[in-house]
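Those protein sequences? They're chains A and B, same order as listed. In terms of our numbering, the first sequence is residues 2 to 329. In terms of our numbering, the second sequence is residues 423 to 514. Just so you know, even glycine gets a beta-carbon here, dropped at the ideal spot from N, CA and C. Predicted model, so just to flag it, every value in this text is computed and none were measured. Right, one structure below, let's go through it.
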Amino acid sequence: MLHGLTWALASALLPIGEPGEAHGVPAQDAGRGDSRPDSAGIMTGLYEHLSPHPYSDEPWLVLGPAVEPVPKFGEVDFSNLRFYFTNHHVAVLAAAALVMVAFGWLARRRSDDPRPAGALQNCLEALVLFVRDDMVYKSIGEHHGRRFLPLFLSQFFCILVMNLFGILPNFDFFRSMHFPTTATANIWVTGGLALVTFTTILFAGMKEQGSGHFWIGLAPKVELGDGASMKAMRVAILGILYPIEFLGLLIKPIALTIRLFANMTGGHMAMLTVYGLIYVFQSYLLAPIGVGFNVFLTFLEILVAFIQAYVFTYLSILFVGAAVHPEH
Amino acid sequence: MNLPVELLALFQDPVTTNFNFGLKQGLAALGAGLCIVGGGLGIGRLAASAMESISRQPEAAGDVRGGMILAAALIEGVTLLALITCILAITL
Numbered sequence: 002m003l004h005g006l007t008w009a010l011a012s013a014l015l016p017i018g019e020p021g022e023a024h025g026v027p028a029q030d031a032g033r034g035d036s037r038p039d040s041a042g043i044m045t046g047l048y049e050h051l052s053p054h055p056y057s058d059e060p061w062l063v064l065g066p067a068v069e070p071v072p073k074f075g076e077v078d079f080s081n082l083r084f085y086f087t088n089h090h091v092a093v094l095a096a097a098a099l100v101m102v103a104f105g106w107l108a109r110r111r112s113d114d115p116r117p118a119g120a121l122q123n124c125l126e127a128l129v130l131f132v133r134d135d136m137v138y139k140s141i142g143e144h145h146g147r148r149f150l151p152l153f154l155s156q157f158f159c160i161l162v163m164n165l166f167g168i169l170p171n172f173d174f175f176r177s178m179h180f181p182t183t184a185t186a187n188i189w190v191t192g193g194l195a196l197v198t199f200t201t202i203l204f205a206g207m208k209e210q211g212s213g214h215f216w217i218g219l220a221p222k223v224e225l226g227d228g229a230s231m232k233a234m235r236v237a238i239l240g241i242l243y244p245i246e247f248l249g250l251l252i253k254p255i256a257l258t259i260r261l262f263a264n265m266t267g268g269h270m271a272m273l274t275v276y277g278l279i280y281v282f283q284s285y286l287l288a289p290i291g292v293g294f295n296v297f298l299t300f301l302e303i304l305v306a307f308i309q310a311y312v313f314t315y316l317s318i319l320f321v322g323a324a325v326h327p328e329h
Numbered sequence: 423m424n425l426p427v428e429l430l431a432l433f434q435d436p437v438t439t440n441f442n443f444g445l446k447q448g449l450a451a452l453g454a455g456l457c458i459v460g461g462g463l464g465i466g467r468l469a470a471s472a473m474e475s476i477s478r479q480p481e482a483a484g485d486v487r488g489g490m491i492l493a494a495a496l497i498e499g500v501t502l503l504a505l506i507t508c509i510l511a512i513t514l
């Protein structure tokens, strides 16, 4: 027992190294002149797992000056855009392909033989029925729901697959592939998904209510009376209410974007931070605790993946439903 | 033990060195804690009223659970929005 304790204490004091040393990335000096591990460097290096990695040095599209000016510290420049093909693109395309293959197979099986059979078919059908009956038809009703059902099913399953993709470890098929990644941890990906919802709200709402009436009907009817002061008060109330409603129309997709992006990024950042703490403290005793906490966070991430897909799709249903038949 | 070296780091070029400590970062970390206070209070009240509703009427448990998850996700959305602001304050 004493031998075991000594071994544990001795191995607790041995250095662990840097996270990159396992696959050949040498440790970098923090420039401080001592042997403490570079905690900020380790964390920043680990957080690289969340950002998109381009597969080529040259962008395929350049919108801006030919030579990119050196960016200043902390500056975000939208006047020169460089478009690269990144691992997040591959993740989005892979999720879309997987969804198409899986549900194409399911549709083919159902058209051949409508009786449910097999575990996979039951599982997929249960999810589809959940989205259709408990989410779409309950909120919008069957008539309008049939029109928008493909959109919401696609959104739900694509977001679910992209979220779950991020929980898989990076088994890179070749070095620097950075795949599979969390595509939804990229604000532009979730922004694209919310843009689809926003476009549906606008187009479906304008088609259903008429273009002008859609914009006028954003604010509720204010009925006060016939006197001049009542009319003035109505103008004042609508003058405050209408900009708020208009901003609300814009803010809802932005909130959808940020909610999904922040949930995914936050979960993965927490996992990477706990993992990086092992390297910061350079302790073999901390490693089981860190890994155990990471296992718990992984299960939490799976739960959050399902919940975020459900919430995104349900809010899209509510917004499109409110645009298609408003209550007032 | 290394105080003079650490103080010297304050005068280095912020673009090229690892300058992640300062009043802005400290206040941003404090702000992140405040985000948790607001979000935790909100979701705690939501969970309490959901538990009460389910115990009063167990047949409505499904509807209550669905509404609880939706409201919790909305509150968490705003909390994370504020948290993103704190993270931006630290890193930018």
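Rounded separation between residue 159 of chain A and residue 178 of chain A - CA only: Inter-residue distance for residue 159 of chain A and residue 178 of chain A is about 22 Å (C-alpha atoms, whole angstroms).
Chain B contacts made by the stretch 247-264 of chain A, where a contact means CB separation under 7 Å: 256, 259, 260, 263, 264
Between the CA atoms of residue 163 of chain A and residue 506 of chain B - distance to the nearest angstrom: 21 Å
Residue 28 of chain A versus residue 493 of chain B - alpha carbon distance: 46 Å
Below-8 Å beta-carbon distance, residue 312 of chain A vs any chain B residue: yes
Cβ separation of residue 201 of chain A and residue 262 of chain A, assumed to be a contact under 8 Å, to the nearest whole Å: Going by Cβ atoms, the distance from residue 201 of chain A to residue 262 of chain A rounds to 20 Å, so no, they are not a contact pair.
Host beta strand (DSSP E) of residue 304 of chain A (start-end): Here residue 304 of chain A belongs to no beta strand (DSSP E); instead the alpha helix (DSSP H) covers 287-325.
Completely contained alpha helix (DSSP H) runs for the stretch 211-245 of chain A, where each covers 4 or more residues: The stretch 211-245 of chain A contains these whole alpha helix (DSSP H) runs: 212-217.
Three-state secondary structure (DSSP) of residue 87 of chain A: strand
Residue-chain proximity (residue 146 of chain A, chain B), Cβ-Cβ < 8 Å: no
Contacts that residue 34 of chain A makes with chain B (C-beta to C-beta distance below 8 Å): 427
Residue 260 of chain A burial status per 10 Å Cβ neighbour count (16 or more: buried): buried
Helix, strand or coil at residue 426 of chain B according to DSSP, with G and I counted as helix: helix
Within-8 Å CB hit, residue 315 of chain A to chain B: yes
Contacts of residue 228 of chain A in chain B (Cβ-Cβ under 7 Å): Within 7 Å Cβ-Cβ: nothing; residue 228 of chain A doesn't reach chain B, min ~40 Å.
Short CB-CB distance (under 8 Å) between residue 506 of chain B and chain A: Answer yes: the Cβ-Cβ gap between residue 506 of chain B and chain A drops below 8 Å somewhere.
Beta-ladder partner(s) of residue 55 of chain A, from DSSP: A:87
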